[in-house]
Every structure is written in structure tokens, then in C-alpha cells.
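Participant: This is the structure I have questions about; it appears just below.
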Amino acid sequence: MTARGFMYNLRNEAARVGYSRALQTSMYSVAKRRMQIRRIEVIYLRREDLSPLDPQRAARLSCRVASEHDLQNMREDSDWRIGDELIERFLDGDSCLLSFVGGELGGYTWIHDGGRPEILPGFRIQIPDGYVYNYAGFTLPAFRGFGLQSYRHHQIFERPKWSSHEGLIGYVETTNWSSKKGQSKSGYRKLDELTLMGHGRSSVALLPRELRDFGIRRLHD
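Here the sequence shown stands for residues 182 to 402, where the numbers follow our numbering.
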């Protein structure tokens with residue numbers, strides 16, 4: 182990228198998130214592209230830290246677990262962002278929780294309860310007992326503002342399959358400001374950051390002590 186292109190992107194990003202965050206985003210993008218370095222914030226949400234639901238909004242909301250038929254139909258519509266990878270994860274045992282507003286499908290989130298999620302290609306971790314890995318949450322633009330993300334989190338804990346679990350584990354890249362804001366509003370807290378250098382199974386992962394003490398380990402298949 183030319184210096185002019187860099188400054189153009191920086192100004193556009195600064196208009197959205199401010200110059201300090203825009204500079205962090207630009208520098209991180211360069212490190213990620215040229216040196217294959219990724220910084221990932223591991224986040225967690227305990228049952229007792231769930232954000233309270235608005236009763237009036239929640240009255241219009243509902244959830245159910247998706248079937249393979251549901252997901253195959255959704256894959257035909259690119260708006261839903263259901264690709265082969267998510268279908269494969271479903272066939273491997275992960276679950277997709279669909280969320281509805283007034284009976285109309287508005288979004289979904291995914292749950293891995295096997296304790297060994299692959300959070301990035303070739304990078305699998307062990308998570309502590311009592312936690313499930315919650316990932317790939319998505320809401321159609323027309324249904325944003327209805328509180329679907331927080332509602333789905335409540336619904337995970339209310340389902341018999343996960344009712345005995347104490348919390349959710351997730352991750353967000355360090356400069357994904359919008360996702361970090363949304364996760365924080367839902368009650369998620371930052372546990373710590375890990376650094377991933379390289380790509381796939383040959384990558385090197387630096388896990389700080391806070392993550393290791395929590396029970397998170399890298400797994401090599």
C-alpha cells in the first residue's frame with residue numbers, strides 16, 4: 182500500500198472510531214498482513230453477569246435450535262453468511278441457536294460444548310469445564326436494536342442442554358471495536374489477550390498466565 186493509500190484509509194477509519202483507534206487498527210493490519218501476527222482478546226460471560234432483558238422487547242422474541250434442514254436453506258441465501266465451514270461444524274456436533282422477532286427469523290449464534298473449540302483454522306484450544314464456546318453471532322441489519330444478542334445469551338443458559346453451565350467463552354480481535362462494544366454491552370468481560378504468530382497448525386501461540394490459570398490451553402490434534 183502506498184503512503185497516500187495508508188493515509189486515506191487512516192482518515193476514513195478515524196472518522197468512524199477516532200484517530201487513536203484508527204492508528205492502532207492500521208498498525209495491526211500491517212502486522213497481521215506482513216508478519217502474520219494476530220492479537221486476540223479472550224472474553225467470558227458468567228451466568229450471573231448476563232445483562233437484564235427488557236420485558237417488553239423480550240415478549241416479541243423467541244429462539245429454537247436449528248436443524249440441518251434450516252441451515253441448508255439458509256446457506257442458499259448469502260445474507261445469512263452460512264458457509265460450508267459452519268455446516269461442517271454442525272455435522273461435527275456444534276449447535277446453532279436461531280432467534281426470532283415476532284416469529285420472523287432475525288439472527289443466530291453458535292455453541293460448541295465439547296470443550297475443544299477450533300477458534301481459528303488450525304488453532305484449537307481447551308476451555309475449562311462448565312463453559313461453552315459461543316461464536317459466530319449474527320443479526321440481520323433489519324433486526325438490530327431488538328436486543329437479540331443478549332436474548333440469545335439468556336436462552337443458551339435456559340436450554341436443558343446447557344443449563345448446568347456457568348459461563349460462555351468467546352474471542353474478538355483486538356481492533357474489532359464495534360464487536361468489543363457489543364460484547365461489553367452483553368455482559369462479556371475481557372480475560373486476557375493471546376498472540377498468534379504464523380498460520381495454521383505451525384503457528385506459535387503465546388498464552389499469558391491469566392489464560393492458563395483460567396484453564397485455557399492450546400491443543401495440538
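We treat Cβ as the ideally placed atom computed from N, Cα and C, and that holds for glycine.
Residues in the same chain with beta-carbon distance under 6 Å from Q205, minus the five sequence neighbours each way, listed in chain order, please.
Facilitator: T356
Participant: Alpha helix (DSSP H) containing D265: first to last residue?
Facilitator: D265 to L272
Participant: Inspect the CB distances between the stretch 273-287 and the stretch 233-243 and report whether three or more fall short of 8 Å.
Facilitator: Inter-segment contact for the stretch 273-287 and the stretch 233-243 is present: three or more beta-carbon pairs are separated by less than 8 Å.
Participant: For chain B, find out if any of its Cβ atoms is closer than 8 Å to the Cβ of Q330; answer yes or no.
Facilitator: Protein chain content of the structure displayed is limited to a single chain, and chain B is not contained in it.
Participant: Spell out the partners DSSP gives G288 in its beta bridges.
Facilitator: S280 and T320
Participant: Going by DSSP, what residue range makes up the alpha helix (DSSP H) through Y332?
Facilitator: L329 to E339
Participant: Can you pull the DSSP bridge partners for I306?
Facilitator: R399
Participant: Are the beta-carbon atoms belonging to E347 and Y312 less than 8 Å from one another?
Facilitator: Yes.
Participant: Any contact of the stretch 362-375 with the stretch 385-392, i.e. 3+ C-beta pairs under 8 Å?
Facilitator: The answer is yes - the stretch 385-392 touches the stretch 362-375, with three or more Cβ pairs under 8 Å.
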